[in-house]
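In this note's numbering, the protein residues as written are 144 to 456. Quick reminder that beta carbons are idealized off the backbone N, C-alpha and C, glycines included. Since this is a predicted model, take the numbers as computed values, not measurements.
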Amino acid sequence: MLVSPLAMAAPADLDPTVYGKINVTVQNTDEAGDSTTEVKSHHSRFGLKGVAPINDDLSAVYLLEFKVNIDEDSDNIKARNQYVGLRSQKMGELLLGRKDSAFKTSQGKVDRFGDINGDIAGLFASEDRVEESVHYTSPKFGKARFAATYVLEGNSKQSDASDNGASSDAFSLAVSYGDSKWKNGNWYASASYNSEVFGITSYRVTAYGQWNNIQLGAMFQDSESDRDDKEGKDGDGYLVNAGYKYNDWLFKVQYQDTDMALNKKSSAGEAINLGVDYKLAKSTTLYAFGTSFDLEDKENDDEYVGVGIIHLF
144 MLVSPLAMAA PADLDPTVYG KINVTVQNTD EAGDSTTEVK SHHSRFGLKG VAPINDDLSA
204 VYLLEFKVNI DEDSDNIKAR NQYVGLRSQK MGELLLGRKD SAFKTSQGKV DRFGDINGDI
264 AGLFASEDRV EESVHYTSPK FGKARFAATY VLEGNSKQSD ASDNGASSDA FSLAVSYGDS
324 KWKNGNWYAS ASYNSEVFGI TSYRVTAYGQ WNNIQLGAMF QDSESDRDDK EGKDGDGYLV
384 NAGYKYNDWL FKVQYQDTDM ALNKKSSAGE AINLGVDYKL AKSTTLYAFG TSFDLEDKEN
444 DDEYVGVGII HLF
């Protein structure tokens with residue numbers, strides 16, 4: 144019996160890809176004057192993703208990703224990005240579900256201490272993963288790309304913000320140029336705007352690049368609250384960082400300073416981050432880090448020192 148090439152290819156096209164990231168440290172955590180030594184899971188995750196061709200141009204795309212709190216014995220699996228949509232090489236990508244906003248995604252890889260305690264979400268607002276949302280990403284025009292997120296009124300966080308004086312109509316926009324992962328080029332830049340997403344309006348510009356063994360990055364952001372219950376917490380902030388790559392070692396430093404109090408720390412302040420990564424293999428990295436937050440609204444600094452391992456699969 145003859146089987147068409149399309150029928151033979153279909154099962155492979157529909158097979159999902161299993162992927163994940165395990166990021167665990169042994170660290171000393173000092174918050175609000177209380178110090179403890181712990182094993183800490185930093186946004187470890189696993190997921191399924193896939194692309195199913197529909198015709199020569201159009202494909203269905205999907206992703207189901209979950210956070211795993213390896214350091215907890217209950218309630219240790221939580222939702223992360225989860226969506227389904229369509230991708231066209233000519234028209235771009237349209238996704239429905241839960242996903243990092245265009246504003247958040249615009250940072251690219253500028254945060255040299257992302258996913259651990261020095262993550263920029265500690266001091267910068269609008270680092271949002273948005274449920275009940277629609278996301279569009281354009282095809283590339285040369286090295287440029289446009290992205291947008293629209294938040295539907297049914298989103299519970301947006302509904303809460305609108306009940307407290309913010310608009311129920313919320314969206315974010317971003318335009319980028321270059322390759323955020325440095326696979327096709329050595330620099331990246333973006334500008335983004337967040338309009339009343341969860342009751343916060345923000346502007347952000349980001350740029351980073353590498354020259355030989357030296358890596359440099361910077362980000363500036365201005366944020367203001369549209370909520371009646373968070374008046375006076377507006378402000379701006381900046382980030383600068385540098386890295387030096389020597390063989391399989393990466394030495395890095397990052398400084399953050401903001402006068403906004405719309406972040407996870409709920410305080411203005413500054414942070415200093417020092418770290419070193421050692422790549423054992425393409426999928427496995429050992430690292431050490433130290434982070435200190437000097438927060439205006441807290442009596443004691445928050446400080447973190449640790450060593451850890453990241454494994455990708």
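Exercise. Identify the continuous alpha helix (DSSP H) that holds Gln301 and give its terminal residues.
Key: Counting along the chain, the alpha helix (DSSP H) containing Gln301 begins and ends at 299-306.
Exercise. Keeping to the same chain, check which residues put their C-beta closer than 8 Å to that of Ser147; ignore five residues upstream and five downstream.
Key: For Ser147, the pLDDT reaches just 39, beneath the cut-off of 50, and the residue's location in the model is therefore unreliable, although a value from the coordinates is still provided. Nothing meets the Cβ criterion.
Quiz prompt | Spatially closest choice to Lys425 from Ser315, Trp392, Gly235, Gly412, by CA coordinates | solution = Ranking Ser315, Trp392, Gly235, Gly412 by Cα distance to Lys425 puts Trp392 first.
Quiz item: Given that a residue counts as buried once 16 or more other Cβ atoms are within 10 Å of its Cβ, and exposed if not, what is Asp243?
Solution: When all chains shown are included, Asp243 counts as buried.
Quiz item: Count the other CB atoms within 10 Å of the CB of Tyr398; is the residue buried (16 or more) or exposed (fewer)?
Solution: Flag for Tyr398 reads exposed.
Quiz item: Ends of the beta strand (DSSP E) at Ala195?
Solution: For Ala195, the uninterrupted beta strand (DSSP E) segment begins and ends at 188-196.
Self-check item: Same chain, Cβ closer than 7 Å to Ser197, five either side skipped, listed in chain order
Solution: At residue 197 the sequence reads Ile, which differs from the Ser that was named. Excluding sequence positions up to five before and after Ile197, its CB lies within less than 7 Å of the CB of Ala203, all in the same chain and listed in chain order.
Quiz item: Mind checking whether Ser302 and Val318 have CB atoms under 9 Å apart?
Solution: Annotated as distal: Ser302 and Val318, with beta-carbon spacing of 9 Å or more.
Quiz prompt | Tyr356, buried or exposed, once every other Cβ within 10 Å from all chains shown has been counted against 16 | solution = It is Asn, not Tyr, that sits at residue 356 in the sequence shown. When all chains shown are included, Asn356 counts as exposed.
Quiz prompt | Those residues which DSSP pairs with Leu359 across a bridge | solution = The beta-bridge partner set that DSSP reports for Leu359 consists of Gly352, Ala385.
Quiz prompt | Complete runs of the beta strand (DSSP E) confined to the segment 393-443 [at least 3 residues] | solution = Runs of the beta strand (DSSP E) inside the segment 393-443: 412-424, 427-438.
Quiz prompt | Helix, strand or coil at Lys242 according to DSSP, with G and I counted as helix | solution = Strand at Lys242.
Quiz item: For the putative contact between Arg126 and Glu274, defined by C-beta atoms under 8 Å, what is the C-beta separation to the nearest angstrom?
Solution: A query on residue 126 cannot be resolved here, the shown segment of the chain reaching from 144 to 456 and no further.
Self-check item: Segment contact flag, the segment 272-286 with the segment 348-368, C-beta cutoff 8 Å, min 3 pairs
Solution: By the Cβ test, the segment 272-286 is not in contact with the segment 348-368, since fewer than three Cβ pairs between them sit closer than 8 Å.
Quiz prompt | Beta-carbon contacts of Arg272 that lie in its chain and below 8 Å, excluding the five residues immediately before and after | solution = Excluding residues up to 5 positions away in sequence, Arg223, Asn224, Arg241, Lys242, Asp243, Ser244, Lys247 lie with their Cβ nearer than 8 Å to the Cβ of Arg272 in the same chain.
Quiz item: Hey, how far is the Cα of Asn384 from the Cα of Asp199?
Solution: If you draw a straight line from the Cα of Asn384 to the Cα of Asp199, it is about 43 Å long.
Quiz item: Looking at Phe189 and Asn406, is the spacing between their C-beta atoms short of 9 Å?
Solution: No.
Quiz item: What distance in whole Å lies between the Cβ atoms of Tyr162 and Phe456, which are believed to be in contact at a cut-off of 8 Å?
Solution: 7 Å between Cβ atoms; contact.
Quiz item: Skipping 5 residues on each side, what residues in its chain have a beta carbon closer than 7 Å to that of Ser323?
Solution: Contacts found: Gly251, Lys252, Tyr331.
Exercise. Would you tell me roughly how many angstroms separate the C-alpha atoms of Val348 and Ser333, rounded to the nearest one?
Key: Val348 and Ser333: Cα-Cα distance of roughly 6 Å.
Quiz item: Closest by CA to Asn337, which one among Trp354, Gly386, Ser249, Gly257?
Solution: Closest by alpha carbon: Ser249.
Quiz prompt | Alpha carbon of Thr434 to alpha carbon of Ala195, nearest angstrom | solution = The alpha-carbon atoms of Thr434 and Ala195 are separated by roughly 43 Å.
Quiz item: Would you say Val277 and Leu237 are within 9 Å of each other, going by their C-beta atoms?
Solution: Against a cut-off of 9 Å, the Cβ pair of Leu237 and Val277 comes out as a contact.
Quiz item: In its own chain, which residues sit with a C-beta less than 8 Å from the C-beta of Asp158, not counting the 5 before and 5 after it?
Solution: Around Asp158: Gly193.
Exercise. Between the Cα of Arg255 and those of Leu201, Ala431, Asp371, Thr401, spot the shortest distance and give me the residue it belongs to.
Key: Comparing Cα positions, the closest option is Ala431.
Quiz item: Taking DSSP as the reference, what is the three-state secondary structure of Ala264?
Solution: Looking at Ala264 - three-state DSSP - the assignment turns out to be helix.
Quiz item: Should Gln232 be labelled buried (16 or more other beta-carbon atoms within 10 Å of its own) or exposed?
Solution: With fewer than 16 other CB atoms across the displayed protein chains lying within 10 angstroms of its CB, Gln232 is exposed.
Quiz item: Could you give the residue range of the beta strand (DSSP E) that holds Arg370?
Solution: Element bounds for Arg370: n/a, residue is neither H nor E.
Practice problem: Pick helix, strand or coil for Lys164, following the three-state DSSP scheme. | Solution: Looking at Lys164 - three-state DSSP - the assignment turns out to be strand.
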